[in-house]
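Residue numbers (the working numbering): 223 to 378.
Built from N, CA and C at the ideal position, the CB exists for glycine as well.
Since we're looking at a predicted model, the values are computed, not measured.
See structure below.
This is the structure we're talking about:
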């Protein structure tokens with residue numbers, strides 16, 4: 223606070239300076255020292271300070287609303303991606319089931335009921351079936367982002 227020559231105190235404030243009158247006994251009792259002009263001078267800094275507070279509050283609310291909008295957009299994108307991944311996994315499951323049925327159909331046409339009974343399957347058919355499974359596995363795992371090669375090999 224700083225004293226001024228008129229006996230008032232200048233208050234440093236974040237939103238400007240506010241002038242406050244000091245009560246002094248130098249004026250005769252009953253005479254109001256702050257006339258209409260002084261009252262208007264006191265209200266002006268207060269209005270500026272209130273306007274500054276209002277502007278700050280508006281800015282904070284706008285920033286908060288932008289952040290909420292951004293977070294809501296991210297949540298919507300995540301939900302959309304999750305739904306797409308679920309659909310992708312369901313398509314992959316259907317594709318695997320279809321390929322299993324095709325593989326079983328091929329084995330049945332060849333006369334082999336048990337697809338894992340390699341003792342009954344000759345080497346040429348076994349190699350052909352291995353190549354089919356290998357390419358299917360590579361396609362499916364590449365699509366899912368998994369490993370590139372299937373680890374099992376045909377039994378000699």
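Go through its chain and collect everything with a Cβ distance to residue i's Cβ below 6 Å, but skip five positions before and after it.
{"i": "residue 290", "result": "none"}
{"i": "residue 276", "result": "none"}
{"i": "residue 360", "result": "none"}
Skipping 5 residues on each side, what residues in its chain have a beta carbon closer than 8 Å to that of residue i?
{"i": "residue 317", "result": "362"}
Enumerate in chain order the residues of its own chain whose CB-to-CB distance from residue i is below 7 Å, with the five nearest sequence positions on each side excluded.
{"i": "residue 357", "result": "none"}
So is residue i buried or exposed if we call it buried at 16+ other beta carbons inside 10 Å?
{"i": "residue 293", "result": "exposed"}
{"i": "residue 272", "result": "exposed"}
{"i": "residue 283", "result": "exposed"}
Residue ranges of each beta strand (DSSP E) within the segment 278 to 311, 3 or longer: If we require 3 residues or more, the segment 278 to 311 turns out to have no beta strand (DSSP E) run fully inside it.
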